[in-house]
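Enquirer: Residues in the sequence shown are numbered from 81 upward in steps of one, following my numbering. We put the beta carbon where it would ideally sit given N, CA and C, even for glycine. Take this structure first; my questions come after.
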Amino acid sequence: MTAETDRARRAARQFVETSRLLGADAVPVAVGSPTAEQGGRRPSDSPADKQALLDALRRRHDSECPHCTTATGHTRTVFGEGAPDARLMFVGEAPGAEEDRTGRPFVGRAGKLLDKIIEAMGLSRDEVYIANVLKSRPPNNATPTAAEAARCGPYLLEQIRIIQPEVIVTLGKPAANLLLGTNEAMGRLRGVWRQYEGVPLMPTYHPAFLLRSYTPENRARVWSDMRQVMQRLGLPDPAADR
Ligand code: URA
Numbered sequence: 081m082t083a084e085t086d087r088a089r090r091a092a093r094q095f096v097e098t099s100r101l102l103g104a105d106a107v108p109v110a111v112g113s114p115t116a117e118q119g120g121r122r123p124s125d126s127p128a129d130k131q132a133l134l135d136a137l138r139r140r141h142d143s144e145c146p147h148c149t150t151a152t153g154h155t156r157t158v159f160g161e162g163a164p165d166a167r168l169m170f171v172g173e174a175p176g177a178e179e180d181r182t183g184r185p186f187v188g189r190a191g192k193l194l195d196k197i198i199e200a201m202g203l204s205r206d207e208v209y210i211a212n213v214l215k216s217r218p219p220n221n222a223t224p225t226a227a228e229a230a231r232c233g234p235y236l237l238e239q240i241r242i243i244q245p246e247v248i249v250t251l252g253k254p255a256a257n258l259l260l261g262t263n264e265a266m267g268r269l270r271g272v273w274r275q276y277e278g279v280p281l282m283p284t285y286h287p288a289f290l291l292r293s294y295t296p297e298n299r300a301r302v303w304s305d306m307r308q309v310m311q312r313l314g315l316p317d318p319a320a321d322r
């Protein structure tokens with residue numbers, strides 16, 4: 081496939097996903113990737129270096145994490161996956177049943193919705209990095225407690241330091257609370273830029289919440305949050321001139 085065809089396909093997929101998310105009838109398509117001026121990369125370790133650091137961190141996590149090595153109810157850890165030099169990093173809560181079965185983050189129902197959101201942003205899953213606050217599935221899919229997050233969370237913080245994303249999107253309250261050191265509710269947090277160690281951070285609703293409360297208002301809120309992220313990253317926004 082030529083780069084041109086690849087771009088056109090991506091734009092078509094983005095059109096479909098944006099229309100689905102917004103429930104819109106027609107969304108004008110903008111073809112093209114961000115220019116250097118729109119989204120210049122900062123110099124950093126090479127992707128191979130970062131991958132090696134992530135692999136080492138994963139081994140260390142699996143052997144020593146005070147939460148995951150003592151937790152019960154999971155069959156494997158789910159470290160996270162994606163581009164080691166991703167510009168955009170998503171942080172969720174904890175693996176669920178399907179993630180525990182496969183060892184991959186966000187592959188269940190909530191993950192399918194996250195895939196659509198990523199596609200609507202004009203990106204693909206392998207261009208971003210996806211991780212969680214907890215790396216093992218809590219019994220009964222319980223929401224991570226602050227104490228659990230404090231024990232497993234340092235490995236997530238190290239992942240962020242290795243990847244050095246340009247933007248972090250937290251999905252749901254536990255991730256925002258951990259990275260921002262706050263206990264604020266999602267309703268107050270979402271849609272407003274924050275910072276984690278100098279990295280712009282956009283809190284938004286967790287896709288599982290969106291599935292439970294799939295209202296036009298909530299969909300529009302998440303999409304508005306993601307449009308702010310796209311703007312920050314210099315990604316083309318097909319809905320910008322509507
Ligand atoms: N929910 C999360 O927060 N993370 C996953 O990996 C899957 C579902």
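If contacts are defined as beta-carbon pairs under 8 angstroms, then Val171 and Leu251 qualify, I think. What distance do you get, rounded to the angstrom?
Expert: Right, their Cβ atoms sit about 7 angstroms apart.
Enquirer: For Thr152 versus Pro219, is the C-beta distance shorter than 8 angstroms?
Expert: In this structure, Pro219 lies closer than 8 angstroms to Thr152 by Cβ.
Enquirer: In angstroms, rounded to a whole number, what distance separates the CA positions of Gly202 and Pro318?
Expert: Rounded to whole angstroms, Gly202 to Pro318 spans 9 angstroms at the Cα level.
Enquirer: Find out if the Cβ-Cβ distance for the pair Met266, Tyr294 is shorter than 8 angstroms.
Expert: In this structure, Tyr294 does not lie closer than 8 angstroms to Met266 by Cβ.
Enquirer: Could you tell me the distance, in whole angstroms, from the CA atom of Tyr276 to the CA atom of Arg292?
Expert: In a straight line, the C-alpha of Tyr276 is about 28 angstroms away from that of Arg292.
Enquirer: Leaving aside the five residues before and after Leu258 along the sequence, list all residues of the same chain whose C-beta is less than 7 angstroms from its C-beta, in chain order.
Expert: Only Val213, Ala229, Gly233 meet the Cβ criterion.
Enquirer: Spatial neighbours of Pro254 within its chain, please: C-beta separation below 7 angstroms, excluding the five flanking residues on both sides.
Expert: Glu173, Val213, Thr223, Pro224, Ala229, listed in sequence order.
Enquirer: What number of angstroms, rounded off, separates the C-alpha of Arg274 from the C-alpha of Pro283?
Expert: Distance between the alpha carbons of Arg274 and Pro283 is about 8 angstroms.
Enquirer: Starting from the Cα of Val249, find the closest Cα among Glu179, Glu238, Arg231, Pro287 and give me that residue.
Expert: Val249 has its Cα closest to that of Pro287, out of Glu179, Glu238, Arg231, Pro287.
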